[in-house]
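Protein chains: 2
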Amino acid sequence: MKMPRQNLRTPGPTPVPDDIVEAMSNPMINHRGPEFRDMISRVTDQLKQVFMTQNDLFILTASGTGALEASIVNTLSPGDKVVAATAGSFGDRFIDLARAYGADVKVLEFEWGAAVDPDAIRRALRDDPSVKAVMVTHNETSTGITHPLAEMAAVVKGEFGKLLLVDAVSSLGCIPLAVDGWDCDMVGTASQKGFMIPPGLAFISVSEAAWEAQQTASMPRFYFDLASAKSYLERGQTPFTPAVAAMYGLSQALDNILDEGLENVYERHASIAQYTRESMKNLGLELLAEDETYASNTVTAIKMPAGVDHGKLMGLMRSDENVVLAAGQGKLATDIFRIGHLGYVVQEDIEEVVEALKTVLPKVGFSAS
Amino acid sequence: MKMPRQNLRTPGPTPVPDDIVEAMSNPMINHRGPEFRDMISRVTDQLKQVFMTQNDLFILTASGTGALEASIVNTLSPGDKVVAATAGSFGDRFIDLARAYGADVKVLEFEWGAAVDPDAIRRALRDDPSVKAVMVTHNETSTGITHPLAEMAAVVKGEFGKLLLVDAVSSLGCIPLAVDGWDCDMVGTASQKGFMIPPGLAFISVSEAAWEAQQTASMPRFYFDLASAKSYLERGQTPFTPAVAAMYGLSQALDNILDEGLENVYERHASIAQYTRESMKNLGLELLAEDETYASNTVTAIKMPAGVDHGKLMGLMRSDENVVLAAGQGKLATDIFRIGHLGYVVQEDIEEVVEALKTVLPKVGFSAS
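Just so you know, the protein sequences line up as chains A and B, in that order.
Per our numbering, the very first residue in the first sequence carries number 1; after that it's consecutive.
Per our numbering, the very first residue in the second sequence carries number 1; after that it's consecutive.
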């Protein structure tokens, strides 16, 4: 089997650096033995640095959604009132998840392409003091919007003292997220975004307040039960066989991230994102984010120009230029295309995309006016 | 990071062949693009051959327990009566899982080291016609016992027409399991056993009867919702970002398994297991399985000889002989040790274990009488 080496510009999976691929090729070990114990302890400590937290933190064998499921089922009981802010398909998915387990979710909906207004959360919490938790998406991958998490956290935690559950799948490790500084209770993310490793691992941090909620939370849980994860981690293990090769990759990725320095990683993402936005506008294209203050530093959503066929643009970029763009999702499926610029990315990757678009756009009937 | 190359004789993770490691090093692809669609369709078809089934089959990003959770939450409602047969820690775990989701489980317990008696299942089903499903473990990894699944299925399906949920984590792909031939409704397994790839993927087959049960099953589910998996698979996708690198490995592993031929794979496991048992007895050691009819072809459990320190034996085997044995689990933690012989294994691997034991056993105070 031979997969093509492309300029993969999906917002995850991201390309994997060679040293991570090599680390993943290490021989298997006993996941209940000393080598694994040493690795999980070291890796968990390093992950906490990237999460900027001293909270407990767990590595789950799952996609990012698994971490989000863990955040719900470990803190809530069926019937619990929850406020959820959404402005895209991942915000919506988080709500579907909570509802699947019986949460009573009050939805605050915002336009796709706009940011969540923290004041709306404030009003919702003022209106109903019985709300137990607030669910938010830090970076909405489907629209390329970074919601103002610090401000939302100031409302949820600072003003009302409610539980704050955060989907940080496409932000953590790329965009500043101060788990302790902002007092976020449960923060979930995944391996195939900022961490530059293949998909298959999810990470979740758990605050004291979240543990307290866990005591009475009665939603059923087994695979995603974090009390069990905690008791195994104390012995340097996981409850179920962990994705050992992916953990080798994670170990290397964390070395790389901490070597580069978190601030430098954030700066690299910010500058490449800025370059991406400017380049798209220079091509005569329009960003979905009308207010660029909230434009994401990990993924840029671009409006499909009038008259241009979505499949044709994506197809030619792929077949003729070896650039893989991401389609839109949900109700914006064919109205936008997206460029991922997160994890293992340098400006040259985006320069190639720009050159490719210059070639392909005229072929699909677009000319900048 | 450099992990040691050991004679890893845990019953999963198993060593990974070089061609699978190489396959896993392929570049990432868009999991919503054409390359992934081709791969998942091909791999799913090959997996069905190994499962000997034409049922639906799904690849989950999870440990094996995730597949077992899927089998429960997709077929049952809280309060549903279930019969579960157990004779080891994995049988017990399956029960804990069902109870966590509110199933009313009637437990049939058998001695650890013995096999489940199908007649006990028959009596339990005769006693209570309101039972909806039966949960069984095909191969109990913690004791090295293969339970008589064909006979149990004949009772559960043939005589009573109940749902049959099977933990096949350490049997499928190593020991004959005719999913369709024996009419098993849900069969779950994982990547790091017979499939010789790193942990991180779980597989589950779903019969017509299981789908029918799904219609009314009210246990909450989201990450493990198989209706969602089915609807995405029809488009060549998964609901959540899949473990792409592990799937590359799986694709290679399935090529290897089908090239070797399923019958030859079973035969190789049977003959190496037979060799293992004979060798242990020749060393003067005692098998946990008193009735060898049920001794597993994937893992052998050996009684710790009187007076021998468990940690000392395991430790010297590891430090001096580079052989990693598995400890016992649960109540047999230090009363047995286990030798895995599944997946990527040849007789020479076990010959090395035997030679190592010959050197180490006298050092820990054991001499065959």
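The C-beta atom is built at its ideal place from N, Cα and C for all residues, glycine as well.
Residue environment, residue i, which counts as buried when at least 16 other CB atoms sit within 10 Å
| i | result |
| --- | --- |
| G284 of chain B | exposed |
| Q215 of chain A | exposed |
| P118 of chain A | buried |
| N55 of chain A | buried |
| T14 of chain A | buried |
| P242 of chain B | buried |
| G330 of chain B | exposed |
| V346 of chain A | exposed |
| D225 of chain B | buried |
| D349 of chain B | buried |
| D96 of chain B | exposed |
| A333 of chain B | exposed |
Close-in-space but distant-in-sequence residues of the same chain around residue i (CB under 7 Å, 5 per side omitted)
| i | result |
| --- | --- |
| A368 of chain A | L283 and G284 |
| Q49 of chain A | L258 |
| G365 of chain B | G307 and V308 |
Within chain B, the residues that residue i reaches when beta carbons sit closer than 8 Å
| i | result |
| --- | --- |
| L8 of chain A | P27, M28, I29 and N30 |
| E69 of chain A | F222 and Y223 |
| Y101 of chain A | P220 and F222 |
| L332 of chain A | The contacting residues do not exist; L332 of chain A stays about 14 Å from chain B at best. |
| A190 of chain A | T241 |
| V323 of chain A | What V323 of chain A touches in chain B: nothing, since even the nearest Cβ is about 11 Å away. |
Neighbour flag for residue i against chain B, beta carbons, 8 Å
| i | result |
| --- | --- |
| M24 of chain A | yes |
| L313 of chain A | no |
| A245 of chain A | yes |
| P17 of chain A | no |
is_contact[residue i, chain A] using C-beta, thresh 8 Å
| i | result |
| --- | --- |
| M3 of chain B | yes |
| A150 of chain B | no |
| A133 of chain B | no |
| Q237 of chain B | no |
Own chain, CB closer than 6 Å to residue i, minus 5 neighbours either side, in chain order
| i | result |
| --- | --- |
| A103 of chain A | L76, D80 and V82 |
| W182 of chain A | A150 and A153 |
| G24 of chain B | Note on residue identity: the sequence assigns Met, not Gly, to residue 24 of chain B. Excluding residues within five positions, the ones whose Cβ falls inside 6 Å are A245, Y248 and G249. |
| D19 of chain A | Q252 |
| S205 of chain A | F51, T53, N55, L57, V179 and V187 |
| I40 of chain B | G236 |
Interface residues of chain B facing residue i [CB-CB closer than 7 Å]
| i | result |
| --- | --- |
| G12 of chain A | T241 |
| V21 of chain A | S25 |
| S251 of chain A | M1 |
Interface partners of residue i on chain A, CB under 8 Å
| i | result |
| --- | --- |
| E35 of chain B | M3 and P4 |
| T61 of chain B | T61, A62, S63, G66, P199 and G200 |
| Y248 of chain B | M1 and M3 |
Contact set between residue i and chain B, taken where Cβ atoms lie within less than 9 Å
| i | result |
| --- | --- |
| Y232 of chain A | Near Y232 of chain A there are no residues of chain B at all, since even the closest Cβ is about 12 Å away, more than 9 Å. |
Neighbouring residues, chain A, relative to residue i (Cβ below 9 Å)
| i | result |
| --- | --- |
| A97 of chain B | Checking the displayed sequence, the identity of residue 97 of chain B turns out to be Leu instead of Ala. Correct list: F222 and Y223. |
Extent of the continuous alpha helix (DSSP H) to which residue i belongs
| i | result |
| --- | --- |
| I95 of chain B | S89 to A100 |
| I257 of chain B | V244 to E260 |
| F36 of chain A | P34 to F51 |
| S205 of chain A | No alpha helix (DSSP H) contains S205 of chain A, which is instead part of the beta strand (DSSP E) from L201 to V206. |
| L108 of chain A | Where L108 of chain A is concerned, there is no enclosing alpha helix (DSSP H), although the beta strand (DSSP E) it sits in stretches over D104 to E109. |
| L149 of chain B | L149 to A153 |
| M186 of chain B | Here M186 of chain B belongs to no alpha helix (DSSP H); instead the beta strand (DSSP E) covers M186 to A190. |
| A370 of chain A | Residue 370 of chain A is absent from the model: chain A starts at 1 and stops at 369. |
Extent of the continuous beta strand (DSSP E) to which residue i belongs
| i | result |
| --- | --- |
| S71 of chain A | No beta strand (DSSP E) holds S71 of chain A; the alpha helix (DSSP H) holding it covers G64 to V73. |
| A133 of chain A | A133 to T137 |
| A84 of chain B | K81 to T86 |
| I197 of chain B | I197 of chain B -> no beta strand (DSSP E), and no H or E assigned at all. |
| L60 of chain A | D56 to T61 |
| K303 of chain B | V299 to K303 |
| I339 of chain B | I336 to G340 |
| T166 of chain A | The identity of residue 166 of chain A in the sequence shown is Val, whereas the question assumes Thr. Segment L163 to D167, the beta strand (DSSP E) holding V166 of chain A. |
Proximity test, Cβ basis, 8 Å: residue i and chain C
| i | result |
| --- | --- |
| S319 of chain B | Protein chains A and B are contained in the structure displayed, whereas chain C is not. |
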